[in-house]
Amino acid sequence: MGLSVAVSPRVRGKWGGVLLLLLGTPLCWAQSSTPSDLELQREGQRRLIEDQRQRLDGLQRLRPAPTLREQPSMAVGSGCVTVQRLVVEGGERLPAERLEALRREHLGKCLDAAALNALLASITNDYLDRGFITTRAYLPVQETDEALVVRVVEGRLEGIDRPATLPASSVAMASPLEVGEVLNLRDIEQTLDQLNRLASRRVTAALRPGDRVGGSRVVLEDDPGRPWRIHLSRHNGGQPSVGRQQWGLGLWLDEPLGLADQFDLQLIRSQARGAERNTDSNQVGYSLPYGYWNFAYRYIDSAYATRGEANGFIFDLDGKSERHLLRAERLIARDQTSKTSLSTQLSRTATRNYIDGTRIGVSSRVLSEWRLGLNHGRRLAGGLFNGDVAWSHGTGLFGADDDHGRPDGAPKARYDKANLTLSYLRPFSVVGLPLRYFGLLHAQWSPDVLYSPARLSLGGQDSVRGFSEQSLPGDTGGYWRNQVTWSHPLNPVPRVFDLFEVTLAYDLGVIRHGRYNDELHGRMSGAALEFGLRGEQLSALLGVSRSIERPSALPQRETPIYFELGLTL
């Protein structure tokens, strides 16, 4: 099936000669970004920033395991004990190579009380480093001189105590802890992470001795807030073709099913409503934890209507994009300084575009994608680092289009692409001023020509600041956002805003020149100065930005001024 612009005889008769001038070649139109495509791309960029901030936030809660410096020995008199054979009883989770190393280190030596204490502390610390915080090694009464016996008591979980405000079903879904199993600090941390990802939860944990030797109970405490939030916003970040001034309304519900789950609904509407220019965007999301797993579904739709003119002809353009996302993520490793997880995601994106009421076949597509990702976050050089790498492949699922009859250089529905995202957050000070650096690098590479929904787009508050009228799309490229923020607490009476912030930003982006990308490529950069006020319920942001570098495809130098007002109930 070749690519063609499907138009009716009525439209061809009215201004068919203008179509080629208006749309260019079908291949160009297939790659061009409609307002709904741009909205999906910008929403993805906003969600990328939010996701990176949340992951860095989670890294702040990582705490090093306690270290046992001294362990009193038992049943050891004065003098020393010659180690002819070392036996460790009960150390089921002590790695075999670690046990062998201990034997090589101590066999044939005469250990005094200090050396015995060091041996016990070494074994206990090995458990502590791996999160087994209630496991201890000690010396029982030695019944023979032929072997030195060390006994390990691997502390087990006897139960979980919770307040009445924290449903048992939520704890069961959020926690990987199992009664009767050896207690691990990482399981407690995961429980707190899963519960505290909900804005209404502020859960802490403590340990209480159990009834049996080595047994412990985990005691959860909670200072709950409201299970719902409503956020109303007004900003001028919309697209010029469909209306800059926009209203936003968001609703978040924590634990609607009592499973530590979360539901959210977000609506965006252009302020000016009319047939000539308007846009709507809706989102519905749901997330559900299960121990070390997280599952999420999100539906996004975006519709637009605008009016164009070419060679004296006035015509209507409208369309709609829909995207379904289903994601699963599994934490595969965590310790006192890092987390690592694997994720998989399926998505379906459908776009429909019309010109004067007639469907434009070449830009109306159904794409499906399978994505496999790896995430790693850690404490690094006095700051917090997070990295994501992902590979995506266009599939034929959910009624997606195929590439049958695709001419050379046309976009592919069965594409491959790779993405890399790196972020870093670090506090520092200059002449006594507390500052905070936040950097984000996002790159995409693809050997294929991509349809607009799968492409990378540069230009805007969530990619390269300094551009609002113009954007630079491409299959391969990236952008690097840098900002330094100074924060100052406020104590006004009456108390409206708690914090005043000033941010200085510099962003850089590039789209690669390719065989089928002769014009829309090059380097762009911009700078921004932002002033923000934040309070418990009110927030305000005012920013001015300036484009610095731009390719020849973007003829105008811009100085966007943007604002956002928010009210949270």
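Add 27 to the 1-based position in the sequence shown for the numbering used here, that's all there is to it. Ideal Cβ placement from N, Cα and C applies to all residues, glycine included. All values derive from a computational prediction rather than experimental measurement.
Where does TYR543 fall in DSSP's three states?
For the purposes of this step, residue 543 is identified with residue 516 of the sequence shown, where counting begins at 1. Looking at TYR543 - three-state DSSP - the assignment turns out to be coil, as it is neither helix nor strand.
If you check the beta carbons only, do LEU565 and PHE590 fall under 7 Å apart?
If you number the sequence shown from 1, residue 565 lands on position 538. If you number the sequence shown from 1, residue 590 lands on position 563. The answer is no: Cβ separation not under 7 Å.
Does VAL168 come out as helix, strand or coil in the three-state DSSP assignment?
Taking the sequence shown and counting its residues from 1, one reaches residue 168 at position 141. Note: VAL168 maps to coil in three-state DSSP.
Contact between the stretch 329-336 and the stretch 278-285 is defined here as three or more beta-carbon pairs at a separation below 8 Å; is this criterion met?
no
Taking ASN263 as part of the beta strand (DSSP E), name the residues at either end of that continuous run.
As a working mapping, residue 263 is identified with position 236 in the sequence shown. Counting along the chain, ASN263 falls outside any beta strand (DSSP E), and DSSP gives it neither H nor E.
Taking only runs of the alpha helix (DSSP H) that begin and end inside the stretch 206-240, which ones reach a length of at least 4 residues, in chain order?
212-223
Using DSSP bridges, identify the partner residues of PRO500.
Start at 1 with the first residue of the sequence shown, and residue 500 comes out as number 473. PRO500 is bridged to SER484.
Measure the CB-CB distance between ARG392 and THR378 and report whether it falls below 7 Å.
Against the sequence shown, residue 392 aligns to sequence position 365. Against the sequence shown, residue 378 aligns to sequence position 351. For ARG392 and THR378, yes; Cβs fall inside 7 Å.
What does a CB cutoff of less than 6 Å around LEU596 pick up in its chain, not counting 5 residues either side in sequence?
As a working mapping, residue 596 is identified with position 569 in the sequence shown. Closer than 6 Å at the Cβ level, and outside the excluded window around LEU596, lie ILE257.
What separation, rounded to the nearest whole angstrom, lies between the Cα atoms of ALA226 and ARG253?
For this step, residue 226 is matched to residue 199 along the sequence shown. For this step, residue 253 is matched to residue 226 along the sequence shown. So the two alpha carbons sit approximately 8 Å from each other.
As a quick exercise: from ARG405, ASP489, SER419, pick the residue whose alpha carbon is nearest that of ARG453.
Residue 453 sits at position 426 when you count from the first residue of the sequence shown. Here the closest residue by C-alpha is ARG405.
Considering VAL198, what are the terminal residues of the alpha helix (DSSP H) in which it resides?
Along the sequence shown, read from residue 1 onward, the residue named residue 198 stands at position 171. 195-201 is the extent of the alpha helix (DSSP H) around VAL198.
If you draw a straight line from the C-alpha of GLN68 to the C-alpha of ASN380, how long is it?
Within the sequence shown, numbered from 1, the residue matching residue 68 stands at position 41. Within the sequence shown, numbered from 1, the residue matching residue 380 stands at position 353. Approximately 16 Å, taken between the alpha carbons.
For GLU491, collect the residues of the same chain with a Cβ closer than 6 Å to its Cβ; drop the 5 residues on either side in sequence, then sort them by chain order.
One-based indexing of the sequence shown puts residue 491 at position 464. Correcting the residue identity first, residue 491 is Val in this sequence and not Glu. Taken in chain order, the residues that qualify are LEU485, TYR506, ASP534, GLY536, MET551, GLY553.
Is the stretch 447-463 close to the stretch 75-83, with three or more CB pairs under 8 Å?
yes
For ASN509, which residues of its own chain have a beta-carbon under 6 Å away from its beta-carbon, when the five flanking residues on both sides are left out?
Along the sequence shown, read from residue 1 onward, the residue named residue 509 stands at position 482. So the list reads GLY466, TYR533, once near-sequence residues are dropped.
Hey, out of TRP418, ARG239, VAL246, whose CA is closest to ALA233's CA?
In the sequence shown, counting from the first residue as 1, residue 233 sits at position 206. When each option's Cα is compared against that of ALA233, the closest is VAL246.
Mapping DSSP to helix, strand and coil, what is ILE341?
Walking along the sequence shown from the start, residue 341 turns up at place 314. Strand at ILE341.
Pick out the complete alpha helix (DSSP H) segments inside the stretch 414-491, 4 residues or longer, and give them in chain order.
Counting only runs of at least 4 residues, the stretch 414-491 fully encloses no alpha helix (DSSP H) element at all.
Where do the N-terminal and C-terminal ends of the beta strand (DSSP E) with ILE588 fall, by residue?
By one-based count along the sequence shown, residue 588 stands at place 561. Its beta strand (DSSP E) spans residues 588-595.
Spell out the partners DSSP gives LYS366 in its beta bridges.
Translated into positions along the sequence shown, residue 366 becomes position 339. Answer is ARG361, GLY404, bridged to LYS366.
Per DSSP, which residues does TYR154 bridge with? Please list them.
Within the sequence shown, numbered from 1, the residue matching residue 154 stands at position 127. Answer is none; TYR154 lacks a bridge partner.
Residues in its own chain within less than 7 Å of LEU547 by CB, not counting five upstream and five downstream?
Translated into positions along the sequence shown, residue 547 becomes position 520. Counting only Cβ-Cβ distances below 7 Å, and skipping sequence neighbours, we find LEU499, PRO500, GLY501, ILE538, ALA580.
Between the alpha carbons of LEU48 and PRO578, how many angstroms are there, rounded?
As a working mapping, residue 48 is identified with position 21 in the sequence shown. As a working mapping, residue 578 is identified with position 551 in the sequence shown. Annotation note: pLDDT 42 at LEU48 (below 50); position unreliable, no value reported.
Please look up how many angstroms separate the CB atoms of LEU353 and TYR324, rounded, as I've assumed it's under 8 Å.
Position 326 of the sequence shown, counted from the start, is the residue given in the question as residue 353. Position 297 of the sequence shown, counted from the start, is the residue given in the question as residue 324. So it is a contact: roughly 5 Å between Cβ atoms.
Take GLY117 and list the residues in its own chain whose beta-carbon comes closer than 7 Å to its own, dropping the five residues that flank it on each side.
Position 90 of the sequence shown, counting from 1, holds the residue named residue 117. Result list for GLY117: ARG178, VAL179, VAL180, GLU181, in chain order.
What is the DSSP secondary structure of PRO99, reduced to helix, strand or coil?
The count along the sequence shown starts at 1 and reaches residue 99 at position 72. Bear in mind that a pLDDT of 48 at PRO99, under 50, signals an unreliable position, so the number given afterwards is only what the model happens to contain. Three-state DSSP puts PRO99 in coil, outside helix and strand.
Is it a yes or a no for the stretch 131-141 touching the stretch 209-221, going by three-plus beta-carbon pairs under 8 Å?
no
Would you mind sorting ALA440 into buried or exposed? The rule is 16 or more other CB atoms within 10 Å of its CB.
What you label residue 440 is simply residue 413 of the sequence shown in a count that begins at 1. The residue in question, ALA440, is buried, as its Cβ has 16 or more Cβ neighbours within 10 Å.
Check GLU585 in the structure and name its three-state DSSP category.
The count along the sequence shown starts at 1 and reaches residue 585 at position 558. Annotated three-state conformation of GLU585 is coil, per DSSP.
Between the alpha carbons of GLY504 and PHE342, how many angstroms are there, rounded?
Residue 504 sits at position 477 when you count from the first residue of the sequence shown. Residue 342 sits at position 315 when you count from the first residue of the sequence shown. Taking the straight line joining both Cα atoms gives about 34 Å.
Buried or exposed, going by whether 16 or more other CB atoms sit within 10 Å of the CB of ASN518?
Working through the sequence shown from its first residue, we reach residue 518 at position 491. Result: exposed.
For HIS469, count neighbouring Cβ atoms within 10 angstroms of its own Cβ and tell me buried if that reaches 16, exposed if not.
Locating residue 469 in the sequence shown gives position 442, counting from the first residue. The residue in question, HIS469, is buried, as its Cβ has 16 or more Cβ neighbours within 10 Å.
What's the C-alpha gap between GLY277 and ARG542?
Residue 277 sits at position 250 when you count from the first residue of the sequence shown. Residue 542 sits at position 515 when you count from the first residue of the sequence shown. So the alpha carbons of these two residues sit roughly 43 Å apart.
Within this structure, are the beta carbons of ILE295 and GLY275 separated by less than 7 Å?
As a working mapping, residue 295 is identified with position 268 in the sequence shown. As a working mapping, residue 275 is identified with position 248 in the sequence shown. Yes, the Cβ-Cβ distance between ILE295 and GLY275 is below 7 Å.
Within a Cβ cutoff of 8 Å, which residues of the same chain sit near SER197, ignoring the five residues on either side of it in sequence?
The sequence position of residue 197 within the sequence shown is 170, counting from 1. If we look at SER197 and ignore the five residues flanking it on each side, its Cβ neighbours are LEU222, GLU282, GLY285, LEU286, ALA287.
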